[in-house]
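Participant: Have a look at this one.
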Amino acid sequence: GEDVEQSLFLSVREGDSSVINCTYTDSSSTYLYWYKQEPGAGLQLLTYIFSNMDMKQDQRLTVLLNKKDKHLSLRIADTQTGDSAIYFCAESILGGATNKLIFGTGTLLAVQP
Amino acid sequence: NAGVMQNPRHLVRRRGQEARLRCSPMKGHSHVYWYRQLPEEGLKFMVYLQKENIIDESGMPKERFSAEFPKEGPSILRIQQVVRGDSAAYFCASSRSRRSDEKLFFGSGTQLSVL
């Protein structure tokens, strides 16, 4: 079945690194995504990784994928107060006619000044 | 280049009324997806449409919910005879194609509150 799980809450201090974790169940995922949702706003695509990659780095963001364990993580270096938001991981399931995204429940990142 | 536009941002309805949510995809995008976010949950897929066609409605409740994406104009998600359990944030996303590497761009959502 399709299921994506995340821890609900993470608190870090400004300047520290944040690591947000995600596990998924569907091994047929093609792409895995990280989205950011600020209060009252839509989802902003942060970064993504193709399922045959192990790691992707994009400025302060590092995505690690362990396909064997179906584990995805997002590391934010030098976390800033502006990074406070809910972070969703999502897996892309290409089945039939639909490129469907399955979302996790989101991790609330609180950055303390 | 405007992003995905949704309106209204907030919609209040009484039980039994109809709710109509609109979504204008990004310019050049002909694929639209509707997702629903219940309180303290992730987004759940509802329906996927291409111009004038419903491609996948596997996430839509069987009754009261319908969606369309006409040749001209925005995509509409309609909820008839709303109930309190319909209160949620409804997000629309669009893409240029259904390729697996095609990214989805999301609107800011419509927050539906049913009194």
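Same order as they appear, the protein sequences are chains A and B.
What the first sequence shows, in my numbering, is residues 36 to 148, in sequence order.
What the second sequence shows, in my numbering, is residues -9 to 105, in sequence order.
Beta carbons: idealized from backbone N, C-alpha and C, even for Gly.
1) Can you pull the chain A neighbours of Lys93 of chain B, defined as C-beta to C-beta under 9 Å?
2) When the cut-off is 8 Å and only beta carbons count, does Ser14 of chain B lie next to chain A?
3) Quick check on the burial criterion: 16 or more other C-beta atoms within 10 angstroms. Buried or exposed for Leu109 of chain B?
4) Do Gln79 of chain A and Tyr68 of chain A have their C-beta atoms closer together than 8 Å?
5) Among all the DSSP beta bridges, which residues are the ones paired with Asn(-3) of chain B?
6) Please name the residue, chosen from B:Lys52, B:Pro29 and B:Arg88, that lies closest to Ala78 of chain B on a Cα-to-Cα basis.
7) Looking only at its own chain, which residues have a Cβ that is under 7 Å from the Cβ of Ser64 of chain A, when we skip the five neighbours before and after it?
8) What does Glu31 of chain B reach in chain A if we use C-beta pairs closer than 7 Å?
9) Counting only Cβ pairs nearer than 8 Å, list the residues of chain A close to Ser98 of chain B.
10) Could you pull out every residue in the same chain whose Cβ sits closer than 8 Å to the Cβ of Gly6 of chain B, ignoring the five residues on either side in sequence?
11) From Leu96 of chain A to Arg54 of chain B, what distance separates their C-alpha atoms?
12) Under 7 Å Cβ to Cβ from Ile111 of chain A, same chain only, skipping five residues before and after it: list those, please.
13) Kindly indicate which residue of B:Glu8, B:Pro15, B:Ser20 and B:Arg3 has the alpha-carbon position closest to the one of Gln(-4) of chain B.
14) Would you mind reading off the limits of the beta strand (DSSP E) that contains His21 of chain B?
15) Could you tell me whether any Cβ in chain A is nearer than 8 Å to the Cβ of Phe59 of chain B?
16) According to the neighbour-count rule (16 or more other Cβ atoms, all chains shown, within 10 Å of its Cβ), is Val146 of chain A buried or exposed?
17) Taking 8 Å as the cut-off, decide whether the C-beta atoms of Ser85 of chain B and His0 of chain B are in contact.
18) Roughly how many whole angstroms lie between the Cα atoms of Ile66 of chain B and Arg12 of chain B?
19) To the nearest angstrom, how far is the alpha carbon of Ala57 of chain B from that of Ile44 of chain B?
20) Please go through the same chain and pick out, in chain order, the residues whose beta-carbon is closer than 6 Å to the beta-carbon of Lys135 of chain A, but skip the five residues on each side of it.
21) May I have the straight-line CA-CA distance separating Asp89 of chain A from Thr58 of chain A, to the nearest angstrom?
22) Comparing the C-beta of Leu144 of chain A with each C-beta of chain B, is any distance below 8 Å?
Facilitator: Inspection of the coordinates gives the following:
1) Residue 93 of chain B sits at position 103 when you count from the first residue of the second sequence. What Lys93 of chain B touches in chain A: Tyr66, Tyr68, Leu80 and Tyr83.
2) As a working mapping, residue 14 of chain B is identified with position 24 in the second sequence. Cβ-Cβ to chain A under 8 Å: no for Ser14 of chain B.
3) Within the shown structure, residues of chain B are numbered from -9 to 105, placing residue 109 of chain B beyond reach of any answer.
4) Looking up residue 79 of chain A in the first sequence gives position 44. Looking up residue 68 of chain A in the first sequence gives position 33. No.
5) As a working mapping, residue -3 of chain B is identified with position 7 in the second sequence. Answer is B:Arg12.
6) In the second sequence, counting from the first residue as 1, residue 78 of chain B sits at position 88. Ranking B:Lys52, B:Pro29 and B:Arg88 by CA distance to the CA of Ala78 of chain B puts B:Pro29 first.
7) Here residue 64 of chain A is taken as the residue at index 29 of the first sequence, counted from 1. In chain order, Ser86, Glu126, Ser127 and Ile128 place their CB closer than 7 Å to the CB of Ser64 of chain A, counting only its own chain and leaving out the 5 sequence neighbours on each side.
8) If you number the second sequence from 1, residue 31 of chain B lands on position 41. Those within 7 Å of Glu31 of chain B in chain A are Thr140.
9) Within the second sequence, numbered from 1, the residue matching residue 98 of chain B stands at position 108. Gly75, Ala76 and Gly77, listed in chain order.
10) Taking the first residue of the second sequence as position 1, residue 6 of chain B is located at position 16. Around Gly6 of chain B: Gln71 and Val72.
11) By 1-based counting over the first sequence, the position of residue 96 of chain A is 61. By 1-based counting over the second sequence, the position of residue 54 of chain B is 64. CA-to-CA, the gap between Leu96 of chain A and Arg54 of chain B works out to about 42 Å.
12) Counted from its first residue, the first sequence places residue 111 of chain A at position 76. The residues are Ser52, Ser53, Arg95, Leu96 and Asp118.
13) In the second sequence, the residue the question calls residue -4 of chain B occupies position 6. Measuring from the Cα of Gln(-4) of chain B, the nearest candidate turns out to be B:Pro15.
14) Position 31 of the second sequence, counted from the first residue, corresponds to residue 21 of chain B. Element bounds for His21 of chain B: His21 to Gln27.
15) Position 69 of the second sequence, counted from the first residue, corresponds to residue 59 of chain B. No - not a single Cβ of chain A is within 8 Å of the one on Phe59 of chain B.
16) Taking the first residue of the first sequence as 1, we reach residue 146 of chain A at position 111. By the neighbour-count rule (16 or more Cβ atoms within 10 Å), Val146 of chain A is buried.
17) The count along the second sequence starts at 1 and reaches residue 85 of chain B at position 95. The count along the second sequence starts at 1 and reaches residue 0 of chain B at position 10. Taking 8 Å as the Cβ cut-off, Ser85 of chain B and His0 of chain B do not qualify as a contacting pair.
18) If you number the second sequence from 1, residue 66 of chain B lands on position 76. If you number the second sequence from 1, residue 12 of chain B lands on position 22. Straight-line Cα distance between these residues: approximately 5 Å.
19) The residue labelled residue 57 of chain B in the question sits at position 67 within the second sequence. The residue labelled residue 44 of chain B in the question sits at position 54 within the second sequence. If I take the Cα positions, the gap works out to 8 Å.
20) As a working mapping, residue 135 of chain A is identified with position 100 in the first sequence. These residues qualify, in order along the chain: Ile128.
21) Translated into positions along the first sequence, residue 89 of chain A becomes position 54. Translated into positions along the first sequence, residue 58 of chain A becomes position 23. Taking the straight line joining both Cα atoms gives about 15 Å.
22) Taking the first residue of the first sequence as position 1, residue 144 of chain A is located at position 109. By this cut-off, Leu144 of chain A is not an interface position.
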